[in-house]
Amino acid sequence: MAIHRAGRVAILGRPNVGKSTLLNAALEHPLAIVSPTPQTTRDAILGIVRHGDAEIALLDTPGLHRPRTELGRVMNRTAREAARGADVIVFVTDVPTGRAAGSAPRAHPGDVALLSDVGPDTPVVLVVNKVDLVKDKGLVLPLLDALSKARGFAAIVPISARKASGVTRVLDEIAKLCPEGEPRYGADELTDRPVRFFAAEYVREQILRATKEEVPHAAAVEIERFAEPDGPGAVHIDATIHVERAGQKKILIGAGAEKLKRIGTHARLRIEELMGRKVNLKLFVRVTPAWRDSNRQLAELGYSGGSTRPERDEDEEPGDE
Ligand code: GDP
Ligand code: MG
56 MAIHRAGRVA ILGRPNVGKS TLLNAALEHP LAIVSPTPQT TRDAILGIVR
106 HGDAEIALLD TPGLHRPRTE LGRVMNRTAR EAARGADVIV FVTDVPTGRA
156 AGSAPRAHPG DVALLSDVGP DTPVVLVVNK VDLVKDKGLV LPLLDALSKA
206 RGFAAIVPIS ARKASGVTRV LDEIAKLCPE GEPRYGADEL TDRPVRFFAA
256 EYVREQILRA TKEEVPHAAA VEIERFAEPD GPGAVHIDAT IHVERAGQKK
306 ILIGAGAEKL KRIGTHARLR IEELMGRKVN LKLFVRVTPA WRDSNRQLAE
356 LGYSGGSTRP ERDEDEEPGD E
């Protein structure tokens, strides 16, 4: 179908509600990294979806939270900037589980606060995720009622992003709200970020899987070399993992470098899948104390907050590959 609409859509919500899982389900491709650790997503990540007559530029954002580091503040700013540039907002919340599920479903106080931040003129699609976790679907309705008191929604869609159930309806509702316009991206473009960005993300994803507690939050990945031969042969990638303390470095490397090897192998497979070619990945671990609180280090690691790109940058790809 020809594209007659083009919209910028920001996915907003608390950490861990399933925003990145929703992006991946909409793309039908595991582009964004997903993990049970809150604050997995640090950058705004664009995924381009064509749905009916609409080109939907979906911007996944870091979960808005109470920041404890400069990195946290940058992440919140990234999410707010994405919201400001959006034609439509997809606000994701999740069903209450555990102890909270027993009591009468109430809107999460964090959701109410976030929703009050969204300007009255931007249409909001409310997505209630993880409905696969509730046995009694009747419990979802009072939650929807409670949230509807916080603001009006263009649509309310219960989904399970993990099972990709309800995602088509979310896209239907977004498409209707997209303004008329010409497509901004090429027909087969998936994202606007270079592969080297995702290479760093996929290394970080494996760190999130292989370690717990402080290490995932203290780790950042920097691509030092990204050499893509014109002809056949493997892409060579050297990446440095920065952690804040020597103890974290030891945990990450593991006995006999076992853990670091495993991280490298799994990350390499993910990068190979994205690129459709062989990759040779070398990982190094370095202690960079307090990088999360140094503006200079944050900028060097690409967490400048200004990297949100709702509009297309003409001068992208400075040729430093
Ligand atoms: P984000 O921080 O909002 O981006 O959340 P993620 O997409 O990283 O997901 C956080 C966690 O929730 C991960 O462990 C996901 O696998 C899980 N999750 C996401 N969607 C669903 C869902 O529909 N059902 C269930 N049960 N878990 C989900
Ligand atoms: Mg995320």
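Count along the sequence shown from 1, add 55, and you get the number used in the working numbering. The beta-carbon is built from N, C-alpha and C at its ideal position, and this holds for glycine as well. Just so you know, these numbers come straight off a predicted model, no measurement behind them.
| Check | Outcome |
| --- | --- |
| Closer than 7 angstroms: T95 CB and nearest the ligand MG heavy atom | yes |
| CB of A81 within 8 angstroms of CB of G236, strictly | no |
| Check: K337 C-beta below 7 angstroms from any heavy atom of the ligand NAD | Questions concerning the ligand NAD fall outside what the structure shown contains, since the ligands it does hold are the ligand GDP and the ligand MG. |
| Local conformation of R264 per DSSP, three classes | helix |
| H321, DSSP secondary structure in three states | helix |
| Near the ligand MG: A87 beta-carbon under 7 angstroms from a heavy atom | yes |
| Alpha-carbon spacing of A216 relative to V64, whole angstroms | 17 angstroms |
| CB of V147 within 8 angstroms of CB of K74, strictly | yes |
| E136, enclosing beta strand (DSSP E) - first and last residue | Unbroken run through E136 is the alpha helix (DSSP H), 125-139; no beta strand (DSSP E). |
| C-alpha distance - E43 paired with V89, whole-angstrom precision | Any property of residue 43 remains undetermined from this structure, which presents the chain solely from 56 to 376. |
| In DSSP terms, what P213 is bridged to | V183 |
| Per-residue burial, Y358 [other beta carbons within 10 Å of its own, 16 or more giving buried] | buried |
| Alpha carbon of P344 to alpha carbon of A99, nearest angstrom | 25 angstroms |
| A57 to D108 span [Cα, whole Å] | 6 angstroms |
| DSSP bridge partner residues for R259 (one or two, in chain order) | Paired residues: none, contrary to the question. |
| As assigned by DSSP and simplified to three states, the class of A327 | Sequence check: residue 327 is Glu here, not Ala. Looking at E327 - three-state DSSP - the assignment turns out to be helix. |
| Option in H272, H297, A312, V180 with minimal Cα separation from R123 | H272 |
| Whole runs of the alpha helix (DSSP H) within the stretch 201-252, excluding any shorter than 4 residues | 222-232 |
| Backbone CA spacing between H321 and A205 [nearest angstrom] | 43 angstroms |
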